[in-house]
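J.: Residue numbers (the working numbering): 521 to 891.
The C-beta atom is built at its ideal place from N, Cα and C for all residues, glycine as well.
Note that the structure is a prediction, hence the values are computed from the model and not measured.
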Ligand SMILES: CC(=O)SCCNC(=O)CCNC(=O)[C@H](O)C(C)(C)COP(=O)(O)OP(=O)(O)OC[C@H]1O[C@@H](n2cnc3c(N)ncnc32)[C@H](O)[C@@H]1OP(=O)(O)O
Ligand SMILES: O=C([O-])CC(=O)C(=O)O
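(1) Once you ignore the five residues that flank residue 682 on each side, which residues in its own chain have a CB closer than 7 Å to its CB?
(2) For ligand 2, any of its heavy atoms closer than 7 Å to the Cβ of residue 778?
(3) Give, in chain order, every unbroken run of the alpha helix (DSSP H) that is at least 4 residues long and sits entirely within the segment 745–801.
(4) Flag this pair as yes or no: are the beta carbons of residue 697 and residue 536 separated by less than 8 Å?
(5) Could you tell me the boundaries of the alpha helix (DSSP H) in which residue 544 lies?
(6) Using alpha carbons as the reference points, say which of 832, 822, 702, 719 lies closest to residue 870.
(7) Taking the straight line between their C-alpha atoms, what separation do you get for residue 860 and residue 548?
(8) Provide the residue span of the beta strand (DSSP E) that contains residue 540, from first to last.
(9) Reducing DSSP to helix, strand and coil, say where residue 825 ends up.
(10) Please indicate yes or no: does the CB of residue 748 lie closer than 7 Å to some heavy atom of ligand 1?
(11) Could you compute how far the alpha carbon of residue 716 sits from the alpha carbon of residue 707?
(12) Should the segment 836–851 be regarded as contacting the segment 621–634, the criterion being three or more beta carbon pairs within less than 8 Å?
(13) Count the other CB atoms within 10 Å of the CB of residue 774; is the residue buried (16 or more) or exposed (fewer)?
(14) Determine the closest residue to residue 653 out of 670, 679, 673, with distance taken between C-alpha atoms.
(15) Going along the chain, which unbroken runs of the alpha helix (DSSP H) with 4 or more residues stay wholly within the segment 582–621?
(16) Leaving aside the five residues before and after residue 571 along the sequence, list all residues of the same chain whose C-beta is less than 8 Å from its C-beta, in chain order.
(17) Check this for me: beta carbons of residue 650 and residue 628, under 8 Å apart or not?
(18) Roughly how many angstroms lie between the CA atoms of residue 812 and residue 845, to the nearest whole one?
(19) State the Cα-Cα distance for the pair residue 539 and residue 546, rounded to the nearest angstrom.
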């Protein structure tokens, strides 16, 4: 028996949710360039869950049901109000809150297909309210109810800031939501599938997935990219700052990928969005710095940016607090997690690989007194 470190290249399941072939990413057979250009995030959620884009009536009904399910039990927000605001980070708050939601859902452990479909809609909607609600609560403000006239993406920004966002911001946020929605068997999705393959419930699967996304080698990288850009400060400092990180053998956040070898196909969209948005805000230094970091890392290490690199300057330009970047990723990726959870339930088998034992052999118990 021999092991493959990090399961690299191991095919652990079949899936029809999304595919990465020759560095091309598709959702249910649709190229992400096509979806990013034309679709709404609501259409993409529907596509991931039901396998096809909705017709007009299905779309309207689906959008309405997302809107109807955004409210969160008071107890969840009341609990958030007790958090120590300077100690509790939004990703930890989100992980706890999603788990807490299950306590108020009488269908939490109902494993019927119909109940799972209803929970899917509730979770997707409520996660938006949890992220925006916590962002406001920690600033001493009340959560805001959704505006039914607005899209999912527009509501995110409205419920965060209390103001209707402009068209440019809505369009950019919608694109970012689509680009982060699913990604084959990434670490958090695999976590969700492992969890529910024991026939555990959807809340457990999504809570586990949030825990996996939080790490800096996965979704947590986007927040750290902004940390790095802030430390760099100006385009002139890029070379020396990045060189120091490389000399110290530090991992550069937002670069490299387990699967893509010729580059992450989502990065070009986010790069262009970063260029446009930083121009609008008059802070093109974030884009200029990012471009210089990209050039330096490619020249020095041959590494290319992943989805987390340019999303940092995109979210920053949308006026979003840096520690909300990864929770926003979770809002989008919930659509993919749920699609995979539903797919796992449909054709379930316990996921239980083996470990190659490399520890000591033939040890004998020695009593406590003799040790
Ligand atoms: C949404 C997402 O999850 S996208 C990924 C987000 N994560 C990041 O951006 C964190 C930074 N990137 C990384 O840590 C890695 O590239 C990962 C985790 C994404 C992929 O990791 P793996 O496939 O395990 O690659 P691994 O870590 O083995 O790297 C292979 C080599 O490239 C180097 N390398 C890979 N990424 C980086 C990086 N970002 N900075 C510096 N060196 C890197 C490694 O040091 C290693 O070099 P070595 O062979 O000389 O030791
Ligand atoms: O697929 C991965 O390993 C990580 C990633 O890019 C994602 O989850 O979007």
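T.: Let's see:
(1) Within the same chain, 664 come within 7 Å of residue 682 by CB-CB distance, once the 5 residues on both sides are set aside.
(2) The beta carbon of residue 778 sits closer than 7 Å to at least one heavy atom of ligand 2.
(3) Qualifying alpha helix (DSSP H) stretches, in chain order: 758–767, 787–801.
(4) No, the pair does not count as a contact, with Cβ atoms beyond the cut-off.
(5) Note, residue 544: premise wrong, no alpha helix (DSSP H); beta strand (DSSP E) at 544–547.
(6) Comparing Cα positions, the closest option is 719.
(7) Each residue's alpha carbon lies about 12 Å from the other.
(8) Note, residue 540: beta strand (DSSP E), 538–541.
(9) Strand, per DSSP.
(10) Checking the Cβ of residue 748 against ligand 1 gives no.
(11) When only Cα atoms are considered, residue 716 and residue 707 end up about 14 Å apart.
(12) With the cut-off at 8 Å, the segment 836–851 and the segment 621–634 do not touch.
(13) By the 10 Å Cβ count, residue 774 comes out buried.
(14) Between residue 653 and the set 670, 679, 673, the nearest pair of CA atoms involves 679.
(15) Counting only runs of 4 or more, we get 594–601, 610–621.
(16) Closer than 8 Å at Cβ, skipping near neighbours: 536, 548.
(17) No; because the gap between Cβ atoms is not below 8 Å, this pair is not in contact.
(18) For residue 812 and residue 845, the gap between their C-alpha atoms comes out near 22 Å.
(19) Cα to Cα, residue 539 sits roughly 5 Å from residue 546.
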